[in-house]
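First up is the structure itself, then whatever we jot down about it.
Structure below.
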């Protein structure tokens with residue numbers, strides 16, 4: 141039997157949102173929370189995913205669930221267990237849902253049997269803890285196979301896909317042919333965009349709930365410039381001295397602690413100085429994030445008749461620390477090979493950083509500081525489910541260059557909240573967008589300010605939780 145791991149969840153009051161939302165919005169949120177607390181009395185709201193750290197799903201659960209518990213609702217978070225072969229299979233499904241062949245491995249009867257063996261072992265470990273009437277929210281392809289036994293046990297099961305593509309093809313059909321049979325009995329499915337709902341799901345109602353960020357998490361809370369500098373120097377991402385500020389962050393128990401771990405940085409000669417404009421992409425080491433294209437487009441700025449004085453940091457989680465992403469090490473190795481092939485002058489301006497993951501709050505603080513220091517933040521994804529790294533950058537008021545794919549195009553109106561690339565593979569357009577923002581700082585500041593306001597209005601956690609409360613109300617209504 142698999143060993144389901146429960147992740148500790150703290151408690152946090154919605155009242156803290158009063159400083160960013162205003163009194164009336166906070167009053168409405170409190171009324172919604174009270175109604176949900178009454179509706180869910182005596183029931184548990186389970187969340188199940190495949191990893192406790194690394195990636196947007198784990199971050200959202202860590203940020204959102206304390207507010208649910210703070211509202212008096214018994215919210216729990218458990219992580220399923222799987223071996224590397226299972227996660228290679230689900231990574232193949234991840235690519236297929238995005239319309240990509242990934243490693244090209246089959247998704248046939250043998251793969252279905254292997255998938256079912258792991259999901260069955262995990263659901264068998266979870267079932268003794270789930271009572272009839274509990275809410276079970278399953279996240280992403282790794283968990284879909286757990287749905288039928290939970291439905292049979294009397295739970296209200298909702299399955300959420302955080303990924304998708306706007307256009308169906310043979311790969312997406314292959315993925316949904318495998319996954320859809322497990323979802324026929326669920327109460328609802330949730331997607332980040334309407335375009336992601338596949339034709340194969342013709343049973344349960346599908347609703348759209350966009351992801352969100354927590355403005356008060358370690359990754360998104362305000363940091364003074366002097367703290368940003370101290371954190372980046374201590375983490376080995378910026379050269380020079382830290383100054384008089386402390387490189388501190390708040391631990392799980394809200395006590396202050398020092399940044400202790402350095403990023404593992406591949407760098408030629410010296411780190412970028414504090415005064416050098418920094419172009420940054422932070423994401424998983426995933427070929428769909430196109431890190432090599434991000435690098436190649438940037439280095440063309442460094443030559444020619446009008447060279448730009450800037451540096452780049454491509455950052456991601458320590459490739460050994462994310463259990464459900466076996467592709468990370470391979471992707472980083474390919475990027476390293478491409479970096480080593482660059483001319484020496486280009487290598488000196490591009491830095492590859494594996495960020496420490498031993499302490500999630502330390503990692504989040506390093507990411508926060510790196511985003512706040514960036515002159516430009518890039519998300520040149522070839523495919524994207526939603527793009528929370530874009531949301532995070534927008535909240536920090538940073539100018540963004542991003543691909544017009546997936547949920548990124550919902551967040552950013554081109555020329556209003558950032559610059560969008562209609563074709564992510566067009567390196568010329570990407571380079572031109574970087575040059576535009578590096579040379580016109582007034583426009584960069586205007587885009588950043590408007591981006592932050594966009595997140596305040598649309599992409600904070602209160603909206604996200606309110607939509608879940610509304611979904612549960614519909615599922616519990618007279619028709620249900």
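Numbering (the numbering used here), first residue to last: 141 to 620.
Note that beta-carbon positions come from the ideal geometry of N, C-alpha and C, so glycine has one too.
Given the structure is predicted, the values throughout are model-derived calculations rather than measurements.
Residue i, DSSP secondary structure in three states
i           : result
residue 416 : coil
residue 281 : helix
residue 430 : coil
residue 272 : coil
residue 327 : coil
residue 313 : helix
residue 384 : coil
residue 332 : coil
residue 405 : strand
residue 149 : coil
residue 363 : coil
residue 538 : coil
residue 613 : helix
residue 353 : strand
residue 443 : coil
For residue i: DSSP bridge partner residues
i           : result
residue 421 : 454
residue 396 : 390
residue 216 : 186
residue 491 : 453
residue 518 : 541
residue 301 : 331
Own chain, CB closer than 6 angstroms to residue i, minus 5 neighbours either side, in chain order
i           : result
residue 146 : 218
residue 427 : 471
Residue i classed as buried or exposed, judged by whether at least 16 other C-beta atoms fall within 10 angstroms
i           : result
residue 480 : exposed
residue 415 : exposed
residue 460 : exposed
residue 424 : buried
residue 301 : buried
residue 360 : buried
residue 168 : exposed
residue 477 : exposed
residue 368 : buried
residue 502 : buried
residue 512 : buried
residue 468 : buried
residue 582 : exposed
residue 456 : buried
residue 508 : buried
residue 398 : exposed
residue 143 : exposed
residue 594 : buried
residue 189 : buried
Alpha-carbon spacing of residue i relative to residue j, whole angstroms
i           : j           : result
residue 619 : residue 611 : Legend: pLDDT at residue 619 = 41, less than 50; position of this residue unreliable, value from coordinates given subsequently. Going by the C-alpha atoms only, they are around 13 angstroms apart.
residue 240 : residue 326 : 27 angstroms
residue 306 : residue 316 : 14 angstroms
residue 518 : residue 541 : 5 angstroms
residue 206 : residue 215 : 8 angstroms
residue 546 : residue 523 : 7 angstroms
residue 405 : residue 290 : 45 angstroms
residue 537 : residue 413 : 22 angstroms
residue 549 : residue 230 : 26 angstroms
residue 466 : residue 311 : 20 angstroms
residue 178 : residue 313 : 41 angstroms
residue 552 : residue 563 : 15 angstroms
residue 407 : residue 253 : 45 angstroms
residue 443 : residue 482 : 13 angstroms
Residues near residue i by beta carbon distance below 8 angstroms, same chain, minus five either side
i           : result
residue 440 : 567 and 571
residue 409 : 488
residue 449 : 416 and 417
residue 233 : 247, 281, 315, 318 and 319
residue 473 : none
residue 209 : 149, 150, 151, 152 and 215
residue 382 : 369, 370, 373 and 374
Close Cβ partners of residue i (< 7 angstroms) along its chain, the five nearest in sequence each way excluded
i           : result
residue 341 : 320, 323 and 329
residue 191 : 198, 219, 462, 463 and 464
residue 556 : 590
residue 396 : 388 and 390
residue 345 : 328
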